[in-house]
Amino acid sequence: MEIVILAVVIALVAVGLVGGLVVGSRKKKQLPPPPPSTPTITPPAEPQVGEEAEAPRDEARRTIDEVGLPDATAPVEEAPVAEAPALEVPEPTAGRLVRLRARLARSQNSLGKGLLTLLSRDNLDEDTWEEIEDTLLTADVGVAPTQELVERLRERVRVLGTRTPDDLRTLLREELITLLGPDFDREVKTEGGAETPGVVMVVGVNGTGKTTTTGKLARVLVADGRSVVLGAADTFRAAAADQLQTWGERVGARTVRGPEGGDPASIAYDAVKEGIAEGADVVLIDTAGRLHTKTGLMDELGKVKRVVEKHGPLDEVLLVLDATTGQNGLVQARVFAEVVDITGIVLTKLDGTAKGGIVIAVQRELGVPVKLIGLGEGADDLAPFEPGAFVDALIGD
Ligand code: GDP
């Protein structure tokens with residue numbers, strides 16, 4: 002009788018193993034290992050069901066005598082169950098800017114607080130207005146927006162007559178928000194087509210935080226319930242693909258990558274193809290940004306864009322700029338805008354020594370909104386840009 006039970010148990014185990022192998026091979030079918038010269042798709046680490054099934058199968062071949070009979074009184078030892086690596090749950094995106102506000106405020110005292118102090122002076126003479134202008138220029142606001150703002154402030158202060166600190170704060174807040182363009186559509190577009198995922202291309206000079214931003218953006222999307230495929234088309238910087246893949250693995254996003262120095266356009270193309278194949282919501286493509294040869298950059302980015310668009314139109318081309326580089330960032334913005342149609346700007350490192358005015362200047366320069374800002378090296382330190390919360394951080398509320 003016991004032998005019969007054991008035989009049934011062995012039969013069930015064998016059936017289970019075959020089932021596991023089928024699941025394993027089915028998974029592998031979805032992701033065939035491509036030849037080494039073509040881009041490879043690296044799935045996030047997941048339990049290899051088929052491999053684990055190999056070991057116990059040998060046991061099933063042993064004779065019943067070798068196996069011995071189970072001791073009913075012995076404590077049952079559970080076979081270790083392969084656990085999927087714990088995926089991180091990114092922070093919700095709503096209210097991120099408010100959470101990260103303190104970081105912004107730390108580096109921006111010279112702008113908001115400085116302006117308020119100057120505006121509160123009893124005697125708002127020409128020298129004071131000049132100081133206000135200098136404060137704005139030093140904060141990277143740019144010449145034209147500075148002049149506009151000073152003009153508006155002069156006019157409104159005149160109309161106001163007596164100035165209480167609250168009046169001034171409200172006035173400055175309103176004018177700064179106006180300058181930031183409250184009507185810009187700052188949503189990162191990821192809708193895609195009926196059969197195709199949303200495709201976002203991330204461009205910028207190396208070192209600005211492009212790869213980090215792509216990884217953080219994947220988390221933003223995952224936090225919003227979207228599935229993401231990453232395309233590691235920065236084949237110029239050796240560690241970029243590994244870096245991106247690590248970001249992806251943390252939230253369960255696949256990374257499509259190729260050999261170092263490989264063709265970025267073909268990786269980008271394959272990433273979108275993979276996104277379509279697995280029904281992903283969004284494909285994010287990290288690109289290389291070598292500025293020393295402008296023609297090379299134009300050729301490369303233009304080609305990546307054209308090739309990706311064979312699958313359908315791009316939803317976004319996000320330009321990543323390091324906010325601490327000030328005027329230099331504006332020069333970069335100009336060059337990239339010549340190469341591809343930028344649809345949104347990501348300003349990184351606003352937690353550092355950056356001057357907040359660059360937000361205003363770069364939007365003016367490109368006529369394109371800042372959509373996201375980077376406020377630290379932490380995984381969730383990327384926030385949707387909100388003019389009101391940004392200005393509150395500058396001048397305090
Ligand atoms: P890439 O060459 O443009 O892809 O640049 P990386 O993504 O490798 O980033 C370069 C460095 O900038 C890394 O050390 C990042 O951690 C850092 N970085 C990126 N974004 C931010 C940010 O918002 N704040 C700070 N403090 N550091 C950042």
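Read left to right, the sequence shown gives residues 2 to 398 (our numbering). Positions of the beta carbon are idealized from the N, C-alpha and C atoms, including for glycine.
Check whether the Cβ atoms of residue i and residue j lie closer than 8 Å to each other.
i: ALA272; j: GLY232; result: yes
i: LEU319; j: VAL200; result: no
i: ASP243; j: THR288; result: no
i: ARG227; j: PRO385; result: no
i: THR219; j: THR94; result: The sequence shown places Ala at residue 219, not Thr. Taking 8 Å as the Cβ cut-off, ALA219 and THR94 do not qualify as a contacting pair.
i: ARG291; j: LEU298; result: yes
i: THR214; j: VAL360; result: no
i: ARG104; j: ASP352; result: yes
i: LEU112; j: GLY358; result: yes
i: THR136; j: LEU125; result: no
i: GLY327; j: ASP141; result: yes
i: GLY249; j: PRO198; result: no
i: LEU367; j: ALA338; result: yes
i: ILE396; j: LEU117; result: yes
i: PRO265; j: VAL229; result: no
i: LEU88; j: GLY216; result: no
Going by the C-beta, is residue i closer than 7 Å to any heavy atom of the ligand GDP?
i: ALA394; result: no
i: GLU378; result: yes
i: LYS356; result: no
i: ASN207; result: yes
i: ALA241; result: yes
i: THR326; result: no
i: GLN244; result: yes
i: GLY353; result: yes
i: GLY375; result: yes
i: THR344; result: no
i: GLY210; result: yes
i: LYS350; result: yes
i: THR288; result: no
Could you tell me how far apart the beta carbons of residue i and residue j are, in whole angstroms, since I believe they sit closer than 8 Å?
i: ALA269; j: VAL308; result: 6 Å
i: ASP382; j: PRO91; result: Actually they do not touch by this definition, with Cβ atoms about 11 Å apart.
i: GLY182; j: PRO370; result: 7 Å
i: ASP316; j: THR212; result: No, ASP316 and THR212 are not in contact; Cβ-Cβ is about 20 Å, not under 8 Å.
i: ASP151; j: GLU134; result: Checking the displayed sequence, the identity of residue 151 turns out to be Val instead of Asp. The Cβ separation is near 5 Å, so the contact holds.
i: VAL203; j: LEU373; result: The pair is not a contact, with the Cβ atoms about 11 Å apart (cut-off 8 Å).
i: ALA390; j: ARG102; result: 7 Å
Tell me whether residue i is buried or exposed, calling it buried when 16 or more other Cβ atoms sit within 10 Å of its Cβ.
i: THR256; result: buried
i: THR147; result: buried
i: PRO388; result: buried
i: ARG403; result: The question about residue 403 has no answer here: the residues shown for the chain are numbered 2 through 398.
i: ARG251; result: buried
i: ARG155; result: exposed
i: LYS311; result: exposed
i: GLY345; result: buried
Are the stretch 156–163 and the stretch 280–294 touching by the rule of at least three beta carbon pairs closer than 8 Å?
Segments in contact, no.
query = Are the stretch 174–182 and the stretch 205–212 touching by the rule of at least three beta carbon pairs closer than 8 Å?
reply = Judged by pairs of C-beta atoms under 8 Å, the stretch 174–182 does not touch the stretch 205–212, as fewer than three such pairs exist.
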